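Taking my numbering, the leading residue of the sequence shown gets 566, the next gets one more, and so forth.
Note that the Cβ used here is the ideal one computed from N, Cα and C, for glycine as well.
Note that the structure is a prediction, hence the values are computed from the model and not measured.
Working notes for the structure below.
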Amino acid sequence: MTENTPAISPELLEILRCPVAVHYKDKGDDPGRLELVKDSWLVCADSGYKYPIRHGIPVMLISEGEKWVDTAVEDLPVPPPEE
Numbered sequence: 566m567t568e569n570t571p572a573i574s575p576e577l578l579e580i581l582r583c584p585v586a587v588h589y590k591d592k593g594d595d596p597g598r599l600e601l602v603k604d605s606w607l608v609c610a611d612s613g614y615k616y617p618i619r620h621g622i623p624v625m626l627i628s629e630g631e632k633w634v635d636t637a638v639e640d641l642p643v644p645p646p647e648e
């Protein structure tokens, strides 16, 4: 990735959803939407889960997102740790 290349394409960001929040029935018509944060994280406002992007690949495992629930967005490490 170069400085001008986004960590994830806008098209992929548009279709990806949090695997936890996508099942929520009380979050509107499109739950689980993700926001790109610090060009290294996908954050779901509905669930609070935060998924790292490692080597250009979003790690969308529930166990991975759950690890970062209690970490404030401003405290997320860049780049995300390998494990």
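- Item | Length of the line joining the Cα atoms of glutamate 639 and valine 608 | Taking the sequence shown and counting its residues from 1, the one referred to as residue 639 is at position 74. Taking the sequence shown and counting its residues from 1, the one referred to as residue 608 is at position 43. Rounded to the nearest angstrom, the gap between the Cα atoms of glutamate 639 and valine 608 is 12 Å.
- Just confirm the distance between the C-beta atoms of cysteine 583 and aspartate 604, as a whole number of angstroms; I'd bet it's less than 8 Å. If you number the sequence shown from 1, residue 583 lands on position 18. If you number the sequence shown from 1, residue 604 lands on position 39. With 8 Å as the limit, cysteine 583 and aspartate 604 do not qualify as a contact, their Cβ atoms being about 19 Å apart.
- Message: Given a cut-off of 8 Å on the beta-carbon distance, is the pair leucine 581 and tryptophan 606 in contact?
- Response: The residue you call residue 581 lines up with position 16 of the sequence shown. The residue you call residue 606 lines up with position 41 of the sequence shown. No.
- Does the distance from the CB of glutamate 600 to the CB of proline 617 come in under 8 Å? Taking the first residue of the sequence shown as position 1, residue 600 is located at position 35. Taking the first residue of the sequence shown as position 1, residue 617 is located at position 52. Not closer than 8 Å, so no.
- Item | Close Cβ partners of tyrosine 589 (< 8 Å) along its chain, the five nearest in sequence each way excluded | Residue 589 sits at position 24 when you count from the first residue of the sequence shown. Result list for tyrosine 589: Pro596, Gly597, Asp611 and Ser612, in chain order.
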